[in-house]
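Heads up, the thing below is written out as structure tokens.
Printed below as a string of structure tokens:
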């Protein structure tokens, strides 16, 4: 059966459980009508900090770029993130990605909108493209978490969503399962721009949407594919950014 079938089933089960079980905060478990209670949202989310404008790594001051981006600029031009990938926020991302808790996706989209609205030099992309999954990973999971976030994000920002703007042409090993030095090689030529969109990309500004940005190699590989096809600018919009170790 196709991945769409599994997504429909997951959504139906989630809807049924929401009717049968009392609403709970996804973090503290307290009763609330929303996905997150107000105290948890105030404590763990929405507190933006100085970040590198290019890769969104945390900075100690208001410098615009981190040392790494100054020395080795990535293929993308800017990154907006809503939070650090750290406890307890990381559990929310895991609930979406591996627990099929799709109701979290609109929350992540809204948090990204809040982060965008606080950017002083925001340049809106012309289109949004979620990081594509390979066929095997999509069939296994039943949905693409990046696409689930991108749908409500595109509506909120009034930016067209093009889920097939890029294609993952080969299944790669999960980045989280690899040593840092092997992650970049794992993604070499993993993405291509869809032929029917090649002319659209040339000279344009593409926004890439994902759930988590760790080493940045996935974003860099996809951005490089767009740049090879003549994209003038690539912006990353990611729910959480893993702080450097």
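Numbering (our numbering), first residue to last: 181 to 425.
Just so it is clear, CB atoms sit at the ideal spot from N, CA and C, and this is done for glycine as well.
In this text the structure is predicted, and so the values were computed from the model without any measurement.
- With a contact defined as Cβ atoms closer than 8 Å, residue 415 and residue 298 miss out at about 15 Å.
- Taking C-beta atoms as the reference points, residue 329 and residue 389 count as a pair closer than 8 Å.
- Along the stretch 295-331, the beta strand (DSSP E) occurs as fully enclosed runs of 3 or more residues at 307-310, listed in sequence order.
- For residue 262, the uninterrupted beta strand (DSSP E) run begins and ends at 258-264, by DSSP.
- Residue state for residue 204 is assigned as strand, using DSSP reduced to three classes.
- In the structure shown, the three-state DSSP call for residue 402 is helix.
- In this structure the stretch 260-272 does not lie against the stretch 312-324, because fewer than three pairs of beta carbons, one per stretch, are closer than 8 Å.
- Three or more beta-carbon pairs separated by less than 8 Å link the stretch 378-388 to the stretch 400-416, which places the two stretches in contact.
- When C-alpha distances from residue 409 are compared across 212, 372, 261, the shortest belongs to 372.
- Less than 8 Å divides the Cβ of residue 381 from the Cβ of residue 411.
- Residue environment for residue 244: exposed (fewer than 16 other C-beta atoms within 10 angstroms of its C-beta).
- Across the set 278, 378, 392, 204, the C-alpha of 378 shows the shortest separation from the C-alpha of residue 407.
- Cβ contact annotation for residue 325 (same chain, cutoff 6 Å, sequence separation greater than five): 276, 277, 391, in chain order.
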